[in-house]
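Using the UniProt record's numbering, you'd call the opening residue of the sequence shown number 1 and step up by one each time. The structure under discussion appears below in the form of structure tokens.
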Amino acid sequence: MGGGDLPVLLFFLALLALPLYALLLVPFEIRFSGGYEAGEVRGFCAFCWAVVSLRLLWTEGAPCAEVALGRSVLFSTPLGGEEEEEEIEEKTGEEKPAAGPGAREVLAAARAVLPGALNLLGYTLARCRIACGRIRFRAGLDNAADTGILFGIVQAINGVLAPTPFRVDMTPLFDGGEAAGRAEGRVLIERPLTILIAAALFAVSAPVRTAVWPLIRGEA
1 MGGGDLPVLL FFLALLALPL YALLLVPFEI RFSGGYEAGE VRGFCAFCWA VVSLRLLWTE
61 GAPCAEVALG RSVLFSTPLG GEEEEEEIEE KTGEEKPAAG PGAREVLAAA RAVLPGALNL
121 LGYTLARCRI ACGRIRFRAG LDNAADTGIL FGIVQAINGV LAPTPFRVDM TPLFDGGEAA
181 GRAEGRVLIE RPLTILIAAA LFAVSAPVRT AVWPLIRGEA
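Pasting the structure below:
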């Protein structure tokens, strides 16, 4: 490599390093508000970084996603496709694939990865500023014991959230009832790149590979 090539190489390395440096320093903001009741979800969730934002919207129609630059929406696209699936099923007469894992399998996987998930949550909270946040919901599983386990998991999460203004309130439905909930909050992540790395390491950890990956692949 000639001496004249070194400045060019350093220039391109700097171009590659700038986005990573920005991810490390520029805060990442998450804002959300919405509710679930009578089988319907309504609300929004916005992921904002610098002047770019991704907004997920749930209204009376199909959910949609918007990408915005400042206050200007660059493009919007619908999400889901349940109606299309129903039309295809009516035309072809083919049944939908079997349902995914049940609540008990998901709950068992959650218990298996809970220690690592709580560690990741604590690591994330140390790099966040929570302006406000609250999740309130009522829910019950088919088995009262499973409902109790779910309630215990929520309390464990609240233990990690104790130093922050964020709270998760669950009303367990042991004797049946309709699930419903409401959530709102604003979180500022000050070092998003470090959290992405920690989340990636958690995703490939042994408990997640053993308990969660089979559920995703439909092997449970």
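Yeah, the Cβ is synthetic: ideal placement off N, Cα and C, and Gly gets one too.
Notebook entry, point to check: Thr147: buried (16+ other C-beta within 10 angstroms of its C-beta) or exposed?
Noted result: buried
Check: Quick one: what's got a C-beta closer than 6 Å to Ala131's C-beta in the same chain, skipping five residues either side?
Finding: Arg186
Check: Would a C-beta distance cut-off of 8 Å place Phe28 and Cys45 closer than the cut-off?
Finding: no
Next item on the list: Spell out the partners DSSP gives Ala68 in its beta bridges.
Entry: Ser53 and Val73
Check: So what does DSSP say about Asp142, is it helix, strand or coil?
Finding: coil
Margin query: Please identify the residue among Ala206, Arg134 and Ala199 whose C-alpha is closest to the C-alpha of Gly35.
Written below: Arg134
Next item on the list: Name the residue from Leu141, Phe75 and Gln155 whose alpha carbon lies nearest to the alpha carbon of Leu114.
Entry: Gln155
Margin query: One question on the structure: do Ala110 and Arg138 come within less than 8 Å of each other, judged by their Cβ atoms?
Written below: no
Note to self: Do Arg127 and Ile189 count as a contact pair if the criterion is CB distance below 8 Å?
What the structure shows: yes
Next item on the list: Quick one: measure Cβ to Cβ for Pro172 and Gly218, integer angstroms, because I've assumed they're closer than 8 Å.
Entry: In fact, because the Cβ distance is near 29 Å, the residues do not count as touching under 8 Å.
Check: Roughly how many angstroms separate the alpha carbons of Trp213 and Pro101, rounded to a whole number?
Finding: 12 Å
Checklist line | Test item: CB-CB of Ala65 and Leu120 under 8 Å | finding: no
Checklist line | Residue environment, Pro192, which counts as buried when at least 16 other CB atoms sit within 10 Å | finding: buried
Margin query: Please list the terminal residues of the continuous beta strand (DSSP E) segment that includes Ala180.
Written below: Ala180 to Ile189
Check: Among residues of its own chain, excluding the 5 on either side of Gly159, which ones have a beta-carbon nearer than 7 Å to its beta-carbon?
Finding: none
Note to self: How far does the alpha helix (DSSP H) with Glu29 in it extend, from its first residue to its last?
What the structure shows: Premise fails: Glu29 lies in the beta strand (DSSP E), Phe28 to Glu37, not in any alpha helix (DSSP H).
Notebook entry, point to check: Using the rule of at least 16 other Cβ atoms within 10 Å of the residue's Cβ for burial, across every protein chain shown, is Leu9 buried or exposed?
Noted result: exposed
Check: What do you get for Ser76, buried or exposed, if any count of 16 or more other CB atoms within 10 angstroms of its CB means buried?
Finding: exposed
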